[in-house]
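One structure is given here, and the rest of the page talks about it.
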Amino acid sequence: MKKIAVVSDSFKGSISSEEICGMVTEETKRFFPACEVVGLPVADGGEGTVDSFLACMAGEKVCIEAAGPFFERRMSFYGRFGETAIVEMAAAAGLPLVGDEKDPARATTYGVGELMRHALEQGAKKIILGLGGSATNDGGCGAAAALGTKFFNSEGNAFVPAGSTLSEITKIDNTETKRILNGVEVIAMCDIDNPMHGLRGAAHIFAPQKGADEDMVRLLDRELAALDETIAREMGLCVADLPGAGAAGAMGAGAVAFFGAALKPGIETVLDTVHFEERIAGADFVITGEGRLDRQSLCGKVVIGVARRTKKAGIPVLAVVGDIGDGIDEAYNEGVSAVFSTNRLAIPFSEAKLRSKQDYRLTIENLLRLIQTMQ
2 MKKIAVVSDS
12 FKGSISSEEI
22 CGMVTEETKR
32 FFPACEVVGL
42 PVADGGEGTV
52 DSFLACMAGE
62 KVCIEAAGPF
72 FERRMSFYGR
82 FGETAIVEMA
92 AAAGLPLVGD
102 EKDPARATTY
112 GVGELMRHAL
122 EQGAKKIILG
132 LGGSATNDGG
142 CGAAAALGTK
152 FFNSEGNAFV
162 PAGSTLSEIT
172 KIDNTETKRI
182 LNGVEVIAMC
192 DIDNPMHGLR
202 GAAHIFAPQK
212 GADEDMVRLL
222 DRELAALDET
232 IAREMGLCVA
242 DLPGAGAAGA
252 MGAGAVAFFG
262 AALKPGIETV
272 LDTVHFEERI
282 AGADFVITGE
292 GRLDRQSLCG
302 KVVIGVARRT
312 KKAGIPVLAV
322 VGDIGDGIDE
332 AYNEGVSAVF
342 STNRLAIPFS
352 EAKLRSKQDY
362 RLTIENLLRL
372 IQTMQ
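Take 2 as the starting number for the sequence shown in the numbering used here and just add one per residue.
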């Protein structure tokens, strides 16, 4: 065996993508010392996205001061890769940043816009915006305001809308933002297909984990519906039902409306950016994986995204996952050669996560032992 590639998502709450790449590399060198191992950690747009890209390609982490979820000034960051900037919205508007002070009614994405603006001022011609892990429900209005969009209320006063004040917007002036983003490509990484509002929308599905009770959920949903109507009236755009519009407190909808962004699956964006096909050329096989492979994975998460690309190259794909759900037969048609679970004892996740690293390593060891006997 001369070359393998490792392109795995993290096992949420137990193993990071970087740790997976490291374990596969170590075990491979034990059995095949001369084998080249190409490790490509991936993330879905949430916390850790910038670090995953930095582990895959040459770049730098740019640290600057930006607004946090409640406008407090704090150190934040984005990744710079030549003329491409990768902005992880969780770095400025992430749920972990609020601690016990969860309040999506007033949390803002303003700091995300500040990160984008700094990247543009430093010469970025392309921005990849990671949508995920947010504490917000402002439809991206805060970020747009930081990039020059002006929101006016009925009295003609400009203000920065938050989750509970979106219905106060009567006029939107996006002129400055368009000027700033002229000639800039914006891609929003998004791995969900939820709409902007409604029973499957941002508020009903995601706001409870951000601290919203039932009354607040209903309020936030009404506010997003009002924003949808205002965007349609003021900007002539219909964004509410775009797949992924409800991502990150409806930041998906806002990214399209205010930044002209394209909503793309996170894994597709990652694979394009790291030049996946070039990196895996000549590999004997590719190892991929995620915490659980099930029907939802078939919508285009990491395993399926990797398998589709790798299938075109005629390279076998081995999926090493934490657990396996029912109804995954289609994965084989998409290019997955075989699926292996690391949950050797068939125990609940609460128990399995405590031993997931040792079980992952042992699974890889056994796979390599099998391959060794076939050489």
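Cβ coordinates follow ideal geometry from the N, Cα and C atoms, glycine included.
Residue i, buried or exposed, once every other Cβ within 10 Å from all chains shown has been counted against 16
{"i": "residue 283", "result": "exposed"}
{"i": "residue 251", "result": "buried"}
{"i": "residue 159", "result": "exposed"}
{"i": "residue 167", "result": "buried"}
{"i": "residue 87", "result": "buried"}
{"i": "residue 200", "result": "exposed"}
{"i": "residue 349", "result": "exposed"}
{"i": "residue 438", "result": "Outside the shown range of the chain, which is 2 to 376, sits residue 438, and nothing can be said about it."}
{"i": "residue 355", "result": "exposed"}
{"i": "residue 157", "result": "exposed"}
{"i": "residue 253", "result": "buried"}
{"i": "residue 155", "result": "exposed"}
{"i": "residue 138", "result": "buried"}
{"i": "residue 76", "result": "exposed"}
{"i": "residue 135", "result": "buried"}
{"i": "residue 346", "result": "exposed"}
{"i": "residue 28", "result": "buried"}
{"i": "residue 66", "result": "exposed"}
{"i": "residue 70", "result": "buried"}
{"i": "residue 104", "result": "buried"}
{"i": "residue 202", "result": "buried"}
In DSSP terms, what residue i is bridged to
{"i": "residue 128", "result": "86, 187"}
{"i": "residue 151", "result": "174"}
{"i": "residue 74", "result": "68"}
{"i": "residue 390", "result": "Outside the modelled stretch of the chain, which goes from 2 to 376, sits residue 390, for which no answer is possible."}
{"i": "residue 377", "result": "Beyond the ends of the chain as shown, which are 2 and 376, falls residue 377; an answer cannot be given."}
{"i": "residue 377", "result": "Residue 377 is absent from the model: the chain starts at 2 and stops at 376."}
{"i": "residue 98", "result": "In DSSP, residue 98 forms no bridge with anything."}
{"i": "residue 135", "result": "95"}
{"i": "residue 160", "result": "152"}
{"i": "residue 103", "result": "Answer by DSSP bridge pairing: none, since residue 103 is not bridged."}
{"i": "residue 5", "result": "38, 286"}
Same chain only: Cβ atoms within 6 Å of residue i, ignoring 5 sequence neighbours per side
{"i": "residue 33", "result": "2"}
{"i": "residue 380", "result": "Because the chain in this structure spans residues 2 to 376, residue 380 falls outside the shown range and cannot be described."}
{"i": "residue 50", "result": "44, 89, 131"}
{"i": "residue 228", "result": "140, 167"}
{"i": "residue 360", "result": "343, 345"}
{"i": "residue 271", "result": "43"}
Neighbourhood of residue i by C-beta distance below 7 Å, restricted to the same chain and skipping five residues each side
{"i": "residue 60", "result": "54, 80, 81, 82"}
{"i": "residue 192", "result": "45, 46, 266, 267, 302"}
{"i": "residue 373", "result": "32"}
{"i": "residue 326", "result": "293, 294, 295, 296"}
{"i": "residue 310", "result": "272, 277, 278"}
Beta-carbon separation (whole angstroms), residue i vs residue j, contact threshold 8 Å
{"i": "residue 109", "j": "residue 143", "result": "4 Å"}
{"i": "residue 153", "j": "residue 171", "result": "6 Å"}
{"i": "residue 286", "j": "residue 316", "result": "6 Å"}
{"i": "residue 26", "j": "residue 47", "result": "With a Cβ gap of about 25 Å, residue 26 and residue 47 do not count as contacting."}
{"i": "residue 220", "j": "residue 198", "result": "Residue 220 to residue 198, Cβ: 12 Å. No contact."}
{"i": "residue 56", "j": "residue 20", "result": "With 8 Å as the limit, residue 56 and residue 20 do not qualify as a contact, their Cβ atoms being about 11 Å apart."}
8 Å CB neighbourhood of residue i in its chain, flanking five on each side removed
{"i": "residue 120", "result": "63, 79, 81, 86, 88, 128"}
{"i": "residue 185", "result": "121, 125, 126, 127, 128"}
{"i": "residue 312", "result": "318, 335, 336"}
{"i": "residue 194", "result": "244, 245, 300"}
{"i": "residue 357", "result": "12, 15, 16, 323, 343"}
{"i": "residue 369", "result": "28, 29, 31, 32, 33"}
Beta carbon proximity, residue i to chain C, threshold 8 Å
{"i": "residue 129", "result": "Absent here is chain C; the protein component of the structure consists of one chain."}
Checklist entry - Could you give the uninterrupted runs of the alpha helix (DSSP H) lying entirely in the region 283 to 350, keeping only those of 4 residues or more? => result DSSP runs (the alpha helix (DSSP H)) wholly in the region 283 to 350: 303 to 313, 331 to 335.
Checklist entry - Counting only runs that start and end within the region 186 to 239, where is the alpha helix (DSSP H) found for 4 or more residues in a row? => result Listed in chain order, they are 203 to 207, 215 to 236.
Checklist entry - Curious, which full-length alpha helix (DSSP H) runs of at least 4 residues does the region 242 to 283 contain? => result Note on the region 242 to 283: whole alpha helix (DSSP H) runs with a minimum of 4 residues are 248 to 260, 267 to 274, 277 to 281, in chain order.
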